[in-house]
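Accompanying notes for the structure given below.
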Amino acid sequence: MSTQTPDDQAGRSPVRFDTKIAVLLRDDLETWQRLNVTAFLVSGLGTEAPEVIGEPYADADGTPYLPMFRQPVLVFEGSKEVLTAAHGKALQRALPRSVFTSDLFATGHDADNRAAVRAVAAAGLDLVGLAVYGPRNAVDKVLKGARMHA
């Protein structure tokens, strides 16, 4: 948790969060796949770590909008090997995480997605994406070898 809240800092210096939300994508994905995988991966973080969700939004007319993450989501990319190593580190550190495997591109709904992941042992997952949340330094260690997505 940050020592300064975004509301306290409105209009002033940027807030530095003590935690990090990061997505790591395999570097051989097509653009539509990168977008799709990112959306799926981050969708679960708010249920596992509700503190990542901010307050609901409203426009000047009072029209309500859903809340979003309270901090930035950083997107990284790396090779299959970097992704596999990051997955292992996230498991070792027991950080909240979500995975997207290549098999999920061929499934059509949530039940099939879960069955496809369940059918493969952790070490054998053909990962194309990983989302992770936790203390900044722990997430940085998980992402070692990855580069910011361009």
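Sequential numbering of the sequence shown, starting at 84, is according to the working numbering.
Ideal placement from N, C-alpha and C gives every residue a C-beta, glycine not left out.
In this structure, D110 sits away from G171, with a CB-CB distance that is not shorter than 8 Å. Its chain contains V106, S181, F183, G212 and A214 as the residues whose beta carbon lies nearer than 6 Å to that of L124, once the 5 sequence neighbours on both sides are disregarded; these appear in chain order. When the five nearest sequence neighbours on each side are left out, the beta carbons in the same chain lying within less than 6 Å of the beta carbon of V225 are those of A169, K172, A173 and V215, in order along the chain.
For F123, the uninterrupted alpha helix (DSSP H) segment begins and ends at T114 to S126. Bounds of any beta strand (DSSP E) do not take in K172; it lies within the alpha helix (DSSP H) bounded by K163 to Q175. Beta-carbon to beta-carbon, P147 and P139 are separated by about 6 Å, close enough to satisfy the 8 Å threshold.
Judged by DSSP secondary structure, V200 falls within the alpha helix (DSSP H) whose first and last residues are D193 to R201. By the Cβ neighbour-count rule, F188 is exposed, with fewer than 16 other Cβ atoms within 10 Å of its own. Burial is judged here by how many other beta carbons sit within 10 angstroms of a residue's own beta carbon; L178 has at least 16 and is buried. In the three-state reduction of the DSSP assignment, S96 falls in the coil class, being assigned neither a helical nor a strand state. In this structure, the beta-carbon distance from Q154 to V135 falls below 8 Å. The distance from the Cβ of L108 to that of H232 is about 7 Å, consistent with a contact at the 8 Å cut-off. Sequence-distant Cβ neighbours of H192 in its own chain, meaning closer than 6 Å and more than five residues away, do not exist here.
With a contact defined as Cβ atoms closer than 8 Å, P218 and T102 qualify at about 6 Å.
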